[in-house]
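Let me begin by presenting the structure, written as structure tokens, before commenting on it.
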């Protein structure tokens with residue numbers, strides 16, 4: 351059941367048919383899941399070279415520096431891949447106020463499913479999105 | 351910048367064009383990122399009803415109960431979604447020996463990228479994959 355990909359030191363990342371790889375962003379200090387995005391080869395390379403988390407926007411079809419508008423940039427402390435090398439984990443430390451989410455919250459994962467609807471488990475906003483994105 | 355999706359209690363999950371949604375599995379106790387998979391509507395429903403983590407195998411094109419072969423099943427303690435409701439976080443507790451990865455490791459993310467190759471940061475195997483998958 352082990353493959354050539356999972357016990358090797360050789361980096362053989364498997365980007366999908368669109369040239370993208372899922373990137374799971376976690377807090378390097380406490381492990382909190384912060385956000386989920388995609389990288390293409392360029393976003394990964396720029397992140398590795400600059401140490402600043404960059405992604406690929408599927409909507410805008412451009413390379414995107416996390417925090418370029420909000421100031422909520424993230425230093426990429428380390429980058430891991432999974433057993434079959436088709437997902438990345440980006441361990442980061444916040445350089446702004448610590449809000450990974452565009453809503454101003456620390457994490458994009460602030461609601462849980464309860465009885466068919468969503469219950470807010472984090473409502474603390476570290477910035478005001480109406481102010482940050484409309485100035 | 352806020353949308354109808356991110357400040358609502360209404361569950362409006364956005365499955366992709368293949369009917370899938372990315373599912374990030376984390377340890378409910380310590381927050382560790384364990385694995386990444388996909389769910390379709392059925393996998394989510396079965397997980398919600400049974401409390402056991404199920405996913406959709408894109409390779410085998412079937413509903414898949416995590417741990418059905420290895421015994422490494424996971425109870426889904428809570429299920430969260432992100433701001434734009436197109437990703438899930440599944441918080442789980444291990445019911446087997448605590449190996450989420452088919453290689454026998456706790457997490458699928460056990461190697462980090464260093465100077466263009468992979469460095470193992472976790473080599474502890476909680477089960478022997480050659481024994482577990484070939485019996």
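Chains as they are written, first to last, in this note's numbering: chain A, 351 to 485; chain B, 351 to 485.
Just so you know, even glycine gets a beta-carbon here, dropped at the ideal spot from N, CA and C.
If you're wondering where the values come from, they're calculated on a predicted model, not measured in any experiment.
- Among the residues of chain A, none has a CB under 9 angstroms from the CB of residue 481/B; the nearest is roughly 10 angstroms distant.
- The Cβ neighbour count for residue 422/A, taken over all protein chains shown within 10 Å, is at least 16; the residue is labelled buried.
- Our two residues, residue 445/B and residue 354/A, have alpha carbons roughly 29 angstroms apart in a direct line.
- Under the 7 angstroms criterion on CB atoms, residue 422/A is classed as non-interfacial with respect to chain B.
- Runs of the beta strand (DSSP E) lying entirely within the region 388 to 437 of chain A, each at least 3 residues long, are 404 to 407, 412 to 415, 424 to 431 in chain order.
- In the structure shown, the three-state DSSP call for residue 386/A is strand.
- Counting along the chain, residue 374/B sits inside the beta strand (DSSP E) bounded by residues 370 to 377.
- Residue contact with chain A for residue 402/B: absent (no Cβ-Cβ distance below 7 angstroms to any residue of chain A).
- Residue-level contact check: residue 476/B does not touch chain A, since none of the beta carbons of chain A fall below 7 angstroms from its beta carbon.
- At a beta-carbon threshold of 9 angstroms, the residues of chain B lying near residue 359/A are 461, 467, 468, 469, 470, ordered along the chain.
- The shortest C-alpha to C-alpha distance from residue 464/B to any of 461/A, 417/A, 440/A, 368/A is the one to 440/A.
- Under DSSP, residue 463/A shares a beta bridge with 468/A.
- Secondary-structure assignment with DSSP links residue 441/A through a beta bridge to 376/A, 428/A.
- Scanning its chain for C-beta atoms nearer than 6 angstroms, with the 5 sequence neighbours on each side dropped, one finds around residue 461/B the residues 468, 470, in chain order.
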